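Here you go:
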């Protein structure tokens, strides 16, 4: 069973615009969230993690977590062509039994149009 | 920027051949993970280590793969008898700890093509 659902599958935004990506965990045991970005031909790069309700901002990236609904969003303001990539949401399990194993969503392909 | 090193970047093997790939984790990271990313960009966890000890592995890894993280040497993942379905990007990641809140940092991957 897929533990992480992401939407949309793909997204096009103009350069300088705002991109908004969504992620939901289907299992209440999985509440630690990460956003990763993967450019073509590279490995995933961690953008940010979020574990508590509310917003977390890092530069142009803002994540928002609602633990009641297990929904997290990622907002990229002032999008740049270099932001064009696959964005993955990943979750890990509460407690220590899973030993850090991540479960990834299917990804959102972001295209920033110059 | 992540400093996880993976070699080789590309690997081409025939069916039934062994395929071996290596990973040097970030300095000071005792926990190493291997994931498989298929052509549909789906990730599959394979195995993880803390120092030299296996923490978890899935059935497929247990049966057809061998993996190790020896002291003072690169970690390695080897497919004993490659199958067409093994064609994928193999990603190594490392983290400071095995806790579920520790960020994993990925290398560039080894892209395996099984002909």
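Protein chains in written order, with my numbering: chain A, 22 to 135; chain B, 291 to 405. Every residue gets a Cβ at the ideal spot worked out from N, C-alpha and C, and that includes glycine. Just so it is clear, the structure is predicted and the values come from calculations on it, not from any experiment.
Please decide whether residue i counts as near chain B, where near means a Cβ-Cβ distance under 7 Å.
i, result
"residue 63 of chain A", "yes"
"residue 75 of chain A", "no"
"residue 67 of chain A", "yes"
"residue 53 of chain A", "yes"
"residue 122 of chain A", "yes"
Residue i touches chain B at which residues, Cβ-Cβ below 7 Å?
i, result
"residue 128 of chain A", "331"
Does chain A have any CB closer than 7 Å to the CB of residue i?
i, result
"residue 392 of chain B", "yes"
"residue 318 of chain B", "no"
"residue 403 of chain B", "no"
"residue 398 of chain B", "yes"
"residue 381 of chain B", "yes"
"residue 335 of chain B", "yes"
Could you name the residues of chain A that residue i contacts, counting a contact when the two beta carbons are closer than 8 Å?
i, result
"residue 302 of chain B", "The premise fails here: residue 302 of chain B is roughly 17 Å from chain A at the closest Cβ pair, so nothing lies under 8 Å."
Thinking C-beta only, is residue j closer than 7 Å to residue i?
i, j, result
"residue 47 of chain A", "residue 24 of chain A", "yes"
"residue 321 of chain B", "residue 382 of chain B", "no"
"residue 93 of chain A", "residue 54 of chain A", "yes"
"residue 369 of chain B", "residue 351 of chain B", "no"
What in chain B is Cβ-close to residue i, meaning under 8 Å?
i, result
"residue 107 of chain A", "331"
Residue i touches chain A at which residues, Cβ-Cβ below 9 Å?
i, result
"residue 385 of chain B", "121"
Under 7 Å between beta-carbons, which chain A residues line up against residue i? List them in chain order, please.
i, result
"residue 322 of chain B", "Those within 7 Å of residue 322 of chain B in chain A number zero; the least Cβ separation is about 10 Å."
Determine which residues of the segment 71 to 104 of chain A have a Cβ less than 8 Å from any Cβ of chain B, and write them out in chain order.
-> 72
Inter-stretch contact at 8 Å, needing at least 3 Cβ pairs: the segment 321 to 333 of chain B / the segment 301 to 309 of chain B | Below 8 Å, too few C-beta pairs join the segment 321 to 333 of chain B and the segment 301 to 309 of chain B to call them touching: fewer than three.
Do the segment 28 to 39 of chain A and the segment 91 to 111 of chain A meet, that is, are 3 or more Cβ pairs less than 8 Å apart?
-> In the pairwise beta carbon analysis, the segment 28 to 39 of chain A is classified as touching the segment 91 to 111 of chain A: at least three pairs are separated by under 8 Å.
Would you say the segment 57 to 69 of chain A touches the segment 389 to 402 of chain B, given that touching needs at least three Cβ pairs under 8 Å?
-> yes
The segment 85 to 92 of chain A touching the segment 37 to 45 of chain A, judged by at least three CB pairs closer than 8 Å | yes
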